[in-house]
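Below is one structure; the comments refer to it alone.
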Amino acid sequence: MEKKKLELLAPAGSWEALEAAVNAGADAVYMGGKAFGARAYASNFDQEEMARAVYFAHMHRVRLYITVNTLVDDSELEELAAYLLFLNNVGVDGIIVQDMGVIRLARRLVPQLPLHASTQMTLTNSSGVDFAVAAGMERSVLARELSLKEIQAACSRGSEIETFIHGALCVCYSGQCLMSSLIGGRSGNRGRCAQPCRLPYKLLNGKGEDMLAGKDAGQYLLSPKDMNTLAILPQMIEAGVVSYKIEGRMKRPEYVAVVVDAYRRAMDSYLAGDYHVPPEDLANIEQIFNRDFTTAYLTNRPGKEMMSDRRPNNRGVLIGRVAKLDKQRNKASVKLEKELHLGDGLEFWVSVGGRVGTTVTSMLLNGKNVEAAGAGQQVVIDVPNGVRLNDRVFRTLDSRLMAYAQQFFGPDAKRRIPVDAVVTASLGQSMTVTLTDDEGNTGYGETDFIVEAARKRALDDGVVRKQIDRLGTTEYFLNSLRFEHDEGVMVPMSEMNEARRMACESLDAARLAAFAPARQTVHKYDEPLQPKAHKRTGISSVLTVHCDSLGKVNSALRAGAERILFGGDCFNHQLPSNEDYVKAAELCRKAGRQLAFATPRIVKEAQLGYFDKLFALWQQLEPDLVYINNNGLWPLGRKYAGLKLAADMSLNIFNSQALQFWQENGAAAAVLSPELTMAQVEHLAAVSPVPLECVIQGRLEMMVSEYCVGGSFLGRLHEGPCQFNCREQLYLGDRKEARFPVATDQFCRMHILNAHELSLLANVQHMAEIGVASLRIDGRDYDEARLGELVTLYRQVLGGAVAAPENLPGTTRGHYFRGVM
């Protein structure tokens, strides 16, 4: 594959990180603005800084992508529209998007601005890539849970494919995580994830017993290791990936420099036909930041070996052990396994109390002060309290590596572009300055002053070179100078400087136009950002009950459910058979109730054929609706005439633009995001072009993961087939003694449910009154009896048979009355 078709894509959360990425060899950089980006806690860039960043990146032949990958509320559409115009006009090379409403608006306002489908869109199969292409995406960023074979299938669709190659992993499928949102109100979909997955948890059974007590397991059961693909980068290239993405917009510029530097060399060695990774690059990558490393699901299902369960943050590099200890003087002798230098940061993994750290400010070797010591030597250093004999010593900061990394950013790290200058000075004419860069682009400037005969000192090569070489505020340095002139001529220095400035600006324009030709400038938008409000007439709310077994279908129908939603992710770990779907349809038709089928959130490549056949069966059963939870199934479902499709909750519908997108793409109904408030729901119900549904009862899914905590730590998944009994109820217990149920679906994926049931019993009549067409009870976590009780109660309240009571004990109203940050 030609180098121009491979892109090393680096993160930048600050100006220094941008410099580090460009100077270390990135082909492209992604970063965020002050709004609408999924890393709200990074420094990020305001509009002036972003314009400067576009100039800097393009001058150095680096593309710049901007994250606009949060869910957007209707109240933010004006600001979003203005931002999209700015991004288009300032010349960024593309935007990374999640929200289908943002996509719809961008395609209308700034049609020339390239769009990339964010990993937050949960693209898990080649049909999902087809969906993204049809929606206007030039590139798709795949979910991090895919294998090399699945990536190859996605690459076969003819669209650019981007994958992550290094950095932090989310344990949940990106775009499907509500854990931070539901626990603390900080929404990952809105860019403010608090990373509760990096906190300690216990794995409990139904009796509250710790299932991992005495076993080889840490407490950080949801904390993955960092991704590192240097060992398998050639296979990723051969699979057809175009862009290779390093995670880390929250990381320091030194991290960006070191990681980009190593991957640049690795990628170039592959392109040269001799792939290799120097040992020092592997060491530097490990030292700069690691939670230990994994290749995630690229080659296998690693189970617990993918998890950094004993430490959720940087663990550093083991450099030795405490061999002797002088507690009175707080000094220790450390037997080194690796080099140690003054200024290094150390951490001691103490046997009691966790870890304590220090910086090496002095070091004795054989009684003498030294600045460095090597492997096999024993040095005496100052240590903090708590260190014990035989404690392991980890280096968490390498002073030499940091100094190396700092060469890539800051005032002393500027990488300049060589230019050759030709200066002419002929009597009676303007002096001209022509600059030519290393690509053959030229810039021209001339003086207003007409060249005269010198009265005192005539111009010579030295004087002219001194003036032309004053390029410190530009991106250039003077490589060569040719001065063509008549004898004994003069031009004022100020005039020469102005001609040089004009030539630099002219060369800038030529160089920028050669790399990224300017797109059409857009200054205004004419179409309304929101549809007009309307009141639906003749529509009453339907009570919909989501069931994952035929027993629950029967129970819900007897209790008065008006629509059965059957299938999807089944928490009973059973894959519904064709006969189950037929039977569910018979039960609903016999009861005179509506029938709907659901799909899972995650659909892998090998499952597309199964769902294609399933849609064919469903077409024969004539359901009232089919709820689509995976965007890759949308184009599949639309092939079957007669199937009415509903865009389900996992598609993260947050605004009226998204509702219009789905309606334009064939949706007959839509389910709103559970992160919306009641006021937002009321607004969307008034403007939606399709009937809406909201979840009103049940445990909301906090995450869905390819990783299964039960199978990994109890089923020895890393050794082969899982040996864990998935029907045994497990919980994750946190530090505040909340218990989050763990459910395993029919495809062995883990679903973590909220500790508290959602209940809108006291508000359900209001939701019906504001025009929500369908009110869903999620019955998958209830037994048949409890589900029947809840359906009966809601049916009575909605029918006016009983007054709306207070909310049920121990339940939550979710975000309907608190919203998210």
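Residues -6 to 814 in the numbering used here are what the sequence shown spells out, letter by letter.
Using N, Cα and C, we set each Cβ at its ideal position, and we do this for glycine too.
| Query | Result |
| --- | --- |
| Tell me, to the nearest whole angstrom, how far the beta carbon of L505 is from that of H51; I am working on the premise that it is less than 8 Å. | 5 Å |
| Using the beta-carbon count (16 or more within 10 Å), is T156 buried or exposed? | buried |
| Measure the alpha-carbon distance for L768 versus V535 and round it to whole angstroms. | 6 Å |
| Do you know whose CA, among P569, A496, R388, A33, lies nearest N277's CA? | R388 |
| For Q716, name the three-state secondary structure that DSSP assigns. | coil |
| Could you pull the DSSP bridge partners for G436 from this structure? | L428 |
| Taking the alpha carbon of G635 as the reference point, which residue from P616, R512, K597 has its own alpha carbon closest? | P616 |
| In terms of alpha-carbon separation, which member of G168, A136, C163, C170 lies closest to F154? | Phe is not the amino acid found at residue 154; the sequence shown has Ile there. That would be A136, whose Cα lies nearest to the Cα of I154. |
| By alpha-carbon positions, which one of G602, Y48, A28, K361 ends up nearest to E468? | Y48 |
| Would you please verify whether the beta carbon of A17 is less than 8 Å from any beta carbon of chain D? | Absence of chain D from the displayed structure is noted, only one protein chain being present. |
| Report the option in H808, P189, V757, T115 whose CA atom is closest to the CA atom of L791. | V757 |
| Quick check: N37 and G6, are their CB atoms within less than 8 Å of each other? | yes |
| The alpha helix (DSSP H) with T785 in it runs from where to where? | 777 to 792 |
| Does the separation of the CB atoms of A28 and L522 fall below 8 Å? | no |
| With DSSP run on the structure shown, which of helix, strand or coil describes P802? | coil |
| Does the beta-carbon of K218 have 16 or more other beta-carbons within 10 angstroms, so that it is buried, or is it exposed? | buried |
| Can you find the residues in the same chain that come closer than 6 Å, C-beta to C-beta, to S180, ignoring five residues on each side of it along the sequence? | S174, E668, V813 |
| Find out if the Cβ-Cβ distance for the pair A526, C540 is shorter than 8 Å. | no |
| Nearest CA to the CA of P193: which residue from E777, A511, L215? | L215 |
| Tell me which residues share the same chain as G160 and place their Cβ nearer than 7 Å to its Cβ, disregarding the 5 neighbours each side in the sequence. | D219, M220, I239, E240, G241 |
| Just curious, the alpha helix (DSSP H) that L420 is in, first and last residue? | It is not in any alpha helix (DSSP H) - L420 carries neither H nor E in the DSSP assignment. |
| Report yes if the C-beta distance between V234 and I89 is below 8 Å; otherwise report no. | no |
| In the DSSP assignment, find the beta strand (DSSP E) that holds P271 and state where it starts and stops. | Looking at the DSSP string, P271 is not in any beta strand (DSSP E), and its letter there is neither H nor E. |
| Compute the Euclidean distance between the alpha carbons of R742 and S698, then round it to the nearest angstrom. | 6 Å |
| Per DSSP, which one or two residues make a beta bridge with V372? | V327 |
| In chain order, what residues of the same chain lie with their CB nearer than 8 Å to the CB of T670, ignoring the 5 residues before and after it? | H808, Y809, F810, R811, G812 |
| Less than 8 Å between the beta carbons of F282 and K331, yes or no? | no |
| Verify the contact flag: L135, CB atom, against every heavy atom of the ligand MG, threshold strictly below 7 Å. | Ligands are entirely absent from the displayed structure, and the ligand MG is therefore not among its contents. |
| Let me check understanding here. Comparing Cα to Cα, which of L106, T466, Q113 lies closest to N623? | Q113 |
| For A125, which residues in the same chain have their Cβ closer than 8 Å to its Cβ, ignoring the five residues on either side in sequence? | A110, M114, L116, S133, S152, N624 |
| State the Cα-Cα distance for the pair P227 and Q370, rounded to the nearest angstrom. | 38 Å |
| Can the beta-carbon of L638 be found closer than 8 Å to that of A660? | yes |
| From the DSSP secondary-structure annotation, give me the bridge partner or partners of A651. | Answer by DSSP bridge pairing: none, since A651 is not bridged. |
| Which same chain residues, not among the five before or five after Q169, have their C-beta less than 7 Å away from its C-beta? | T115, R594, S643, M696, V697 |
| Decide if I532 is buried, meaning its Cβ has at least 16 other Cβ atoms within 10 Å, or exposed. | exposed |
| My assumption, with CB atoms under 8 Å, is that N645 sits in contact with N182. Please give the rounded CB distance. | 6 Å |
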